[in-house]
Amino acid sequence: MVVFLIRAFIFLASAALGLWIASLIVDGFTVTASGFLVAVVVFAVLQSILTPWFLVMSRKYANALTGAVGLVSTVAALWVATLFGDGLTISGTTAWVFGSLTVWIVTMLGTLILPLIFLRNRVQKKNAEV
6 MVVFLIRAFI
16 FLASAALGLW
26 IASLIVDGFT
36 VTASGFLVAV
46 VVFAVLQSIL
56 TPWFLVMSRK
66 YANALTGAVG
76 LVSTVAALWV
86 ATLFGDGLTI
96 SGTTAWVFGS
106 LTVWIVTMLG
116 TLILPLIFLR
126 NRVQKKNAEV
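Residue numbers (our numbering): 6 to 135.
Set out below in structure tokens:
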């Protein structure tokens with residue numbers, strides 16, 4: 006259960022970071038302070054549901070697209086997240102393209118790097134106890 010909670014926290018943190026960075030560097034990609042939490046939760050939940058589904062579908066029907074599953078699920082999750090209130094708005098094709106790429110890259114890096122940070126801290130605590 007602890008591992009599940011840590012993974013959920015890591016994914017929520019990486020989604021928050023991805024949305025925040027995209028809102029800073031991509032014109033037309035806006036996340037409001039009041040809707041930030043809702044946008045993060047909606048995006049993260051959808052991303053965690055859509056990625057495995059798109060992976061299964063791509064393997065079954067279009068094996069060549071398997072590598073694009075993360076990006077496709079990011080675009081789909083962003084689209085649905087824009088439908089929930091006014092917390093996330095993406096205006097224009099350029100904002101959709103570069104915003105999706107930014108969120109995808111940041112969340113990918115976050116889910117790779119954040120566990121290493123947590124594991125390093127955990128190992129250091131165990132070594133200090135010994």
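Just so it is clear, CB atoms sit at the ideal spot from N, CA and C, and this is done for glycine as well.
Owing to the predicted nature of the structure, the values given are computational and were not obtained by experimental measurement.
Here I95 is buried. Its C-beta has 16 or more other C-beta atoms within 10 Å. Counting along the chain, the unbroken beta strand (DSSP E) around T35 starts and ends at F34 to V36.
Look at L93 here: in three-state DSSP terms it is strand. In summary, S39 is exposed, with fewer than 16 beta-carbon neighbours lying within 10 Å of its beta-carbon over all protein chains present.
Less than 8 Å divides the Cβ of F59 from the Cβ of S78.
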